[in-house]
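*Asks:* Could you have a look at this structure, given as structure tokens, before my questions?
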Amino acid sequence: MMPRAQLTTFLIVTSFLSTVPYLGAPVHGGVLTSYDVSSLDIMSKIHTDHDATTKASSDFGHIVHATPNGVFRPTFPADIAALIRLSLSQPTPFTVAPRGKGHSSRGQAFAPGGIVVDMSALGDHGHHTSHRIDVSVDRMYVDAGGEQLWIDVLHTALKHGLTPRVWTDYLRITVGGTLSNAGIGGQAFRHGPQISNIHELDVVTGMGEMITCSPEVNSALFFAVLGGLGQFGVITRARIRLEPAPKRVKWVRIAYSDVHPFTTDQELLISKWASGSGFDYVEGQVQLNRTLTQGRRSSSFFSATDLARLTGLAIDTGSVAIYYIEGAMYYDDNTAASVDQKLDALLEELSFVRGFVFVRDASYVEFLDRVGREEQNLRSAGAWDVPHPWLNLFVPRSRILHFDAAVFKGILRNANPVGLILMYPMNKDMWDDRMTAMTPDEDVFYAVGLLRSAVAGGSGGDVEQLERENAAVLELCDLAGGGIGCRQYLPHHASRDGWRRHFGAKWGRVADLKARYDPRAILSPGQGIFPPPPPPSPQPPAAGEPITAS
462 MMPRAQLTTF LIVTSFLSTV PYLGAPVHGG VLTSYDVSSL DIMSKIHTDH
512 DATTKASSDF GHIVHATPNG VFRPTFPADI AALIRLSLSQ PTPFTVAPRG
562 KGHSSRGQAF APGGIVVDMS ALGDHGHHTS HRIDVSVDRM YVDAGGEQLW
612 IDVLHTALKH GLTPRVWTDY LRITVGGTLS NAGIGGQAFR HGPQISNIHE
662 LDVVTGMGEM ITCSPEVNSA LFFAVLGGLG QFGVITRARI RLEPAPKRVK
712 WVRIAYSDVH PFTTDQELLI SKWASGSGFD YVEGQVQLNR TLTQGRRSSS
762 FFSATDLARL TGLAIDTGSV AIYYIEGAMY YDDNTAASVD QKLDALLEEL
812 SFVRGFVFVR DASYVEFLDR VGREEQNLRS AGAWDVPHPW LNLFVPRSRI
862 LHFDAAVFKG ILRNANPVGL ILMYPMNKDM WDDRMTAMTP DEDVFYAVGL
912 LRSAVAGGSG GDVEQLEREN AAVLELCDLA GGGIGCRQYL PHHASRDGWR
962 RHFGAKWGRV ADLKARYDPR AILSPGQGIF PPPPPPSPQP PAAGEPITAS
């Protein structure tokens, strides 16, 4: 007699197979084959309940929805490999999409009718959870599971007085998620994106192979996966470069009423990366006039008095927007006595509106986790789980003033967005062109993020209006139509032709790598780059073979 536990598993599997036929391993005469038995553990980790599939059918964007047939909760990376091999064993493979915190905005981590892999389940052994974060102090790196949150990587590394060099603005997202895109932030001008700070990866390919890769070993896969939008494999471990951690930060915002000195000063600041005399972090924001004059009167950085002064600046100058450079200067006990003098000397070189310098002293963790605190405020106000029709672009330096005039002084001139508009430059030579991530073909380019939310009851509540504005911006950027020649970051394209234009000269290489590492196109279908192949056509019977009715 089959033991009760096995019988329960068998019933789960057969019930699942009855609702999702193409996931089933073959059953011959009611007896499980040896392949079926080896698949039972994998099948038992696929959850098809309403709560699981509903959660996996939405993401941070709340713009699109797509329901998977199941959610897979792996314990080990080998489980993911087994799931992929199970898919490939089917006449029509099911698609597989890894999902971290679901922070995508356009369904990039969806698997419509397929299986979403809940990466957070890795390391969960029931009675205890392994954090899968290991620091090597001597060799200055941290090994982190692809499912790990950057905030946890930070706290683990800090226990050893170390830190990764580059951070995204929001830390409660996964290592594998940011590395599949690029991972940019205010330190990227100095150290490149996060993908430029990786020594080694463990990857499960679309063939179900578990491969360790680096710039020296299996390098084609290594460079393909970094910035590869999940098309070539699932990142299950990353070896991340570390450096000594500072203790505190001089956190600075300086205001401009004119885009020309704003961009000139930003470019000056990112040119100082090798001298040690500049900021350790450089970003920038654009605050539209109506946002200042009609928007909320509170900020996690600015006081009410500060905001009143900035509003007055916008009114007095008649500027359509106020621009901020946000900078950070790190220091520790050894440099605490000189950091103020260093900051003052740097500010003397800049052409901001005099008197509009705002400085805060913060711990290193407080500074890095600044968006985490803002998240709590937004959640409390019911403004976090709302549609986020975000648009992120890389704009060539030669066209940034044209972009400003056409977008901020044109398309969005009368807008009052809820959210942020980011605008800051990066150095292209800090990026590795062997990786899949795409940037403009200029030495300096700007990251521009229209990070707007459709909050019910507010002027930004019309998702369709925000989407129309995004479409107008993209039309302006369309190089094929003689536009500015932007590249999308965290890209979304509705057509294969759009993806061909996105990758440009890299398209042939990307297609070849897809054929090599995921030939059935089952990985991350939500990106919409490579549609899964159609089911095989029925084969005609061989000569002399009887034709039977089905």
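First residue of the sequence shown? That's 462 in our numbering, and the numbers climb one at a time after it. Just so it is clear, CB atoms sit at the ideal spot from N, CA and C, and this is done for glycine as well.
Mind the definition here: the stretch 633-646 touches the stretch 672-689 only if three or more C-beta pairs lie below 8 angstroms; say whether that holds.
*Replies:* Yes, since at least three Cβ pairs between the stretch 633-646 and the stretch 672-689 fall closer than 8 angstroms, the two stretches touch.
*Asks:* Determine the DSSP secondary structure at Gln-874, reduced to helix, strand or coil.
*Replies:* The amino acid occupying residue 874 in the given sequence is Arg; Gln does not appear at that position. Coil.
*Asks:* Mind checking Lys-711: buried by the 16 CB within 10 Å criterion, or exposed?
*Replies:* Result: buried.
*Asks:* Relative to the C-alpha of Phe-869, which residue among Ser-718, Ile-634, Glu-809 and Ser-764 is closest?
*Replies:* Of the listed residues, the one whose Cα sits closest to Phe-869 is Ser-718.
*Asks:* Just to confirm the assignment, what range does the beta strand (DSSP E) spanning Arg-714 have?
*Replies:* Its beta strand (DSSP E) spans residues 709-717.
*Asks:* Per DSSP, Gly-522 forms a beta bridge with which residues?
*Replies:* None; Gly-522 has no bridge partner.
*Asks:* Do the CB positions of Pro-554 and Arg-981 come within less than 7 angstroms of each other?
*Replies:* Yes. Within cutoff.
*Asks:* Going straight from the alpha carbon of Trp-734 to that of Gln-648, what length do you get?
*Replies:* Roughly 10 angstroms between the two C-alpha positions.
*Asks:* Spatial neighbours of Val-695 within its chain, please: CB distance less than 6 angstroms, with the 5 preceding and 5 following residues excluded, ordered by chain position.
*Replies:* The residues are Ile-541, Pro-559 and Val-665.
*Asks:* Which partner residues of Ile-672 appear in the DSSP bridge assignment?
*Replies:* Looking at the DSSP assignment, Ile-672 forms a beta bridge with Val-664.
*Asks:* Val-847 and Val-924 - do their beta-carbons sit closer together than 7 angstroms?
*Replies:* Not a contact, by the Cβ cut-off of 7 angstroms.
*Asks:* Using CA atoms only, rank isn't needed, just tell me which of Ala-955, Gly-969, Gly-965 and Arg-970 is closest to Gly-992.
*Replies:* Checking the sequence, you will find Pro at residue 992 rather than Gly. Ranking Ala-955, Gly-969, Gly-965 and Arg-970 by Cα distance to Pro-992 puts Ala-955 first.
*Asks:* The beta strand (DSSP E) spanning Lys-951 covers which residue range?
*Replies:* Inspection of the sequence shows that residue 951 is occupied by Leu rather than by Lys. It is not in any beta strand (DSSP E) - Leu-951 carries neither H nor E in the DSSP assignment.
*Asks:* Go through its chain and collect everything with a Cβ distance to Val-1014's Cβ below 7 angstroms, but skip five positions before and after it.
*Replies:* With the chain represented from 462 up to 1011, any question about residue 1014 goes unanswered, as that position is not in the structure.
*Asks:* Alpha carbon to alpha carbon, what distance is there between Gly-575 and Tyr-496?
*Replies:* Residue placement at Tyr-496 is poorly supported in this model, since its pLDDT is 39, which falls under 50; the coordinates still yield a value, given next. Roughly 21 angstroms separates the two Cα atoms.
*Asks:* Below 8 angstroms, how does it come out for the stretch 749-756 and the stretch 702-716: are there three or more Cβ pairs, yes or no?
*Replies:* Taking 8 angstroms as the limit for Cβ pairs, the verdict is that the stretch 702-716 does not touch the stretch 749-756.
*Asks:* Is Leu-951 closer than 7 angstroms to Phe-693 when the C-beta atoms are compared?
*Replies:* No, the Cβ-Cβ distance between Phe-693 and Leu-951 is not below 7 angstroms.
*Asks:* Would you report the Cα separation of Gly-843 and Ala-976, rounded to the nearest angstrom?
*Replies:* Rounded to whole angstroms, Gly-843 to Ala-976 spans 44 angstroms at the Cα level.
*Asks:* Please report the distance separating the alpha-carbon of His-511 from that of Trp-628.
*Replies:* Roughly 35 angstroms between the two C-alpha positions.
*Asks:* Within the chosen definition, does the stretch 714-729 reach the stretch 604-619 through at least 3 CB pairs nearer than 8 angstroms?
*Replies:* Result no; under three Cβ-Cβ pairs closer than 8 angstroms.
*Asks:* Between Pro-529, Leu-549, Thr-514 and Ser-565, which has its C-alpha nearest Gly-522's C-alpha?
*Replies:* Residue Ser-565 is the option with its Cα nearest to Gly-522.
*Asks:* Looking at the structure shown, is Pro-992 part of a helix, part of a strand, or coil, going by DSSP?
*Replies:* Residue state, collapsed to three classes: coil.
*Asks:* Kindly give me the distance between the Cβ atoms of Thr-515 and Gly-531, rounded to whole angstroms, as I take these residues to be in contact under 8 angstroms.
*Replies:* That pair is no contact at about 12 angstroms.
*Asks:* Kindly list the residues whose CB is nearer than 8 angstroms to the CB of Leu-937, restricted to its own chain and excluding five residues on each side of it in sequence; keep chain order.
*Replies:* Answer for Leu-937: Phe-864, Ala-867, Val-868, Ile-872, Gly-944 and Ile-945, listed in chain order.
*Asks:* Counting C-beta neighbours from all protein chains within 10 Å, is the total for Val-720 16 or more, i.e. buried, or is it exposed?
*Replies:* Buried: at least 16 other Cβ atoms inside 10 Å.
*Asks:* Which residue comes first and which comes last in the beta strand (DSSP E) that contains Val-818?
*Replies:* Counting along the chain, the beta strand (DSSP E) containing Val-818 begins and ends at 818-824.
*Asks:* What are the residues that DSSP puts in a beta bridge with Met-887?
*Replies:* According to DSSP, Met-887 bridges with Phe-906.
*Asks:* Start and end of the beta strand (DSSP E) containing Ser-597?
*Replies:* Here the beta strand (DSSP E) through Ser-597 covers 594-597.
*Asks:* Less than 8 angstroms between the CB atoms is what I'm expecting for His-508 and Ser-519, so what's the real figure, rounded?
*Replies:* Not confirmed; about 16 angstroms, so no contact.
*Asks:* DSSP three-state call for Phe-693: helix, strand or coil?
*Replies:* Phe-693: coil per DSSP, three-state reduction.
*Asks:* Give me the Cβ distance between Gly-833 and Arg-633, rounded to the nearest whole Å; I'm assuming they're in contact under 8 angstroms.
*Replies:* Gly-833 to Arg-633, Cβ: 6 angstroms. Contact.
*Asks:* Name the two residues that bound the continuous beta strand (DSSP E) containing Tyr-631.
*Replies:* Per DSSP, Tyr-631 belongs to no beta strand (DSSP E) and is neither H nor E.
*Asks:* Does the count of Cβ pairs from the stretch 815-833 and the stretch 893-912 closer than 8 angstroms reach three?
*Replies:* The stretch 815-833 vs the stretch 893-912: no contact.
*Asks:* So, using beta-carbon positions, are Glu-835 and Ser-761 closer together than 7 angstroms?
*Replies:* The answer is yes: Cβ separation under 7 angstroms.
*Asks:* To which residues of the same chain is Thr-796 closer than 6 angstroms at the C-beta, ignoring the five residues directly before and after it?
*Replies:* No residues qualify anywhere along the chain.
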